[in-house]
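For the sequence shown, position 33 matches number 32 in numbering that gives the first Met the number 0, and the numbering has no gaps at all.
Note that the Cβ used here is the ideal one computed from N, Cα and C, for glycine as well.
All figures in this text were calculated on a predicted structure; none of them were measured in a lab.
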Amino acid sequence: MKPGIPAVSLYGVPFSKLNFKETVDLLVQTVEAKMPAQVITANPIMVMKALEDPAYMAMMQRAEVIVPDGAGVVWATGYIGKPVAEKVAGIELMHELFRIGEERGWRVYLLGTAPDTIRIAVEKLRERYPKLILAGYRDGYFKADQDQEVLSEIQQTAPDLLFVGRGADTQEPWIDRYKEELGVPLVMGVGGSLDILAGKLKRAPKWMIKLRLEWFYRLAKEPTRYKRMLVLPKFALKVMRDREKLQ
Ligand code: UDP
């Protein structure tokens, strides 16, 4: 985490305590500063992964900004008496950055999801943010031996913002590995948000988001996620057990 950002540590993963609006202000400054920065919107699944995998933990700790994107993180930080301000959803940050980017003339690159879906996402982006400059886009299905080709494609278009929508296991380590080489001021992993932008996936209804049940909606829509989501109760039990240690 960049120095100066108020944060709470959860098992060594530093989460920003800024609210949505403050986070947006920070990210605007970050883009304007033109130093490569990685934003991770993290959830309990990622915290648990970091606890199992030291390389993933080190990667999280190198990120310039980690925001709490998960009801579980909001709950856990409150439970140990060091609450974050609120859930800061990656998809909402992405849209706010599109909106501000339109005003400021930022160049945006979208990288991720399947070839037909990314094309639809780009169409929707053009409809919703007609003045936004689209530096380029590419699907997220490429192998490690194509990384250099993808990097040079992105570098040539000189974006200010790069949104990467590949699975969490892939996108965050990929961004960490290449952020310096890419030199893009702000790179953010957005997972399935490009699918939502394209209209292929739906976000939970507002009432469910308010009740912090977005995770349940995702589980119901994509039952194949259940294995991964078994980590959620494990995380909750672990936090309850470790409450004193974490305070
Ligand atoms: N994805 C991709 N390249 C890959 C794997 C996944 O672009 O090699 C995309 C996938 O199409 C989807 C997004 O990454 O749009 C998130 O995938 P998934 O739901 O599997 O990952 P999660 O966000 O649950 O980690």
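Just how far apart, CA to CA, sit residue 238 and residue 49? Looking at the two C-alpha atoms, the distance is approximately 15 Å.
Run the proximity test for residue 100: is its beta-carbon closer than 7 Å to any non-hydrogen atom belonging to the ligand UDP? no
Is any heavy atom of the ligand UDP found at a distance shorter than 7 Å from the C-beta of residue 89? no
Let me check understanding here. Comparing Cα to Cα, which of 153, 15, 235, 28 lies closest to residue 39? 15
State yes or no: is the C-beta of residue 167 nearer than 7 Å to some heavy atom of the ligand ATP? Inclusion of the ligand ATP in the displayed structure is not the case, the ligand content consisting of the ligand UDP alone.
Among the residues of its own chain, which have a CB less than 8 Å from the CB of residue 99, if the five just before and after it don't count? Residues of the same chain with a CB within less than 8 Å of the CB of residue 99, apart from the 5 flanking positions on each side, are 23, 27, 105 in chain order.
Report buried or exposed for residue 171, applying the criterion of at least 16 other Cβ atoms within 10 angstroms of its Cβ. buried
With residue 207 as the anchor, note down where its alpha helix (DSSP H) starts and where it stops. 205 to 209
Three or more C-beta pairs closer than 8 Å, one from the segment 144 to 151 and one from the segment 173 to 182: is that the case here? yes
Between the beta-carbon of residue 9 and the beta-carbon of residue 76, is there less than 8 Å? Taking a C-beta distance under 8 Å as the contact criterion, residue 9 and residue 76 qualify as a contact pair.
From the DSSP output, read off the bridge partner residues of residue 6. 15
Terminal residues of the continuous beta strand (DSSP E) containing residue 38? 36 to 41
Helix, strand or coil: which one does DSSP assign to residue 67? strand
Below 8 Å on the Cβ atoms is my guess for residue 193 versus residue 134; work out the distance and round it to an integer in Å. The Cβ separation is near 15 Å, so there is no contact.
Taking the straight line between their C-alpha atoms, what separation do you get for residue 139 and residue 164? 7 Å
Cβ separation of residue 46 and residue 12, assumed to be a contact under 8 Å, to the nearest whole Å: 5 Å
Nearest to residue 42 by alpha carbon, out of 189, 202, 183, 57? 189
Cβ of residue 79 within 8 Å of Cβ of residue 211? no
Assigned secondary structure, residue 89 (DSSP; H/G/I helix, E/B strand, else coil): Residue 89 falls in the helix class under three-state DSSP.
Assuming contact is defined by CB atoms lying nearer than 8 Å, are residue 158 and residue 107 in contact in what I supplied? Contact: yes.
Determine the burial state of residue 221: buried for a count of at least 16 other Cβ atoms within 10 Å of its Cβ, exposed for fewer. exposed
Beta strand (DSSP E) runs contained entirely in the segment 198 to 242, provided each spans 3 or more residues: none
Report the three-state DSSP secondary structure of residue 84 (helix, strand or coil). coil
Quick check: residue 44 and residue 227, are their CB atoms within less than 8 Å of each other? In contact: residue 44 and residue 227 (Cβ atoms closer than 8 Å).
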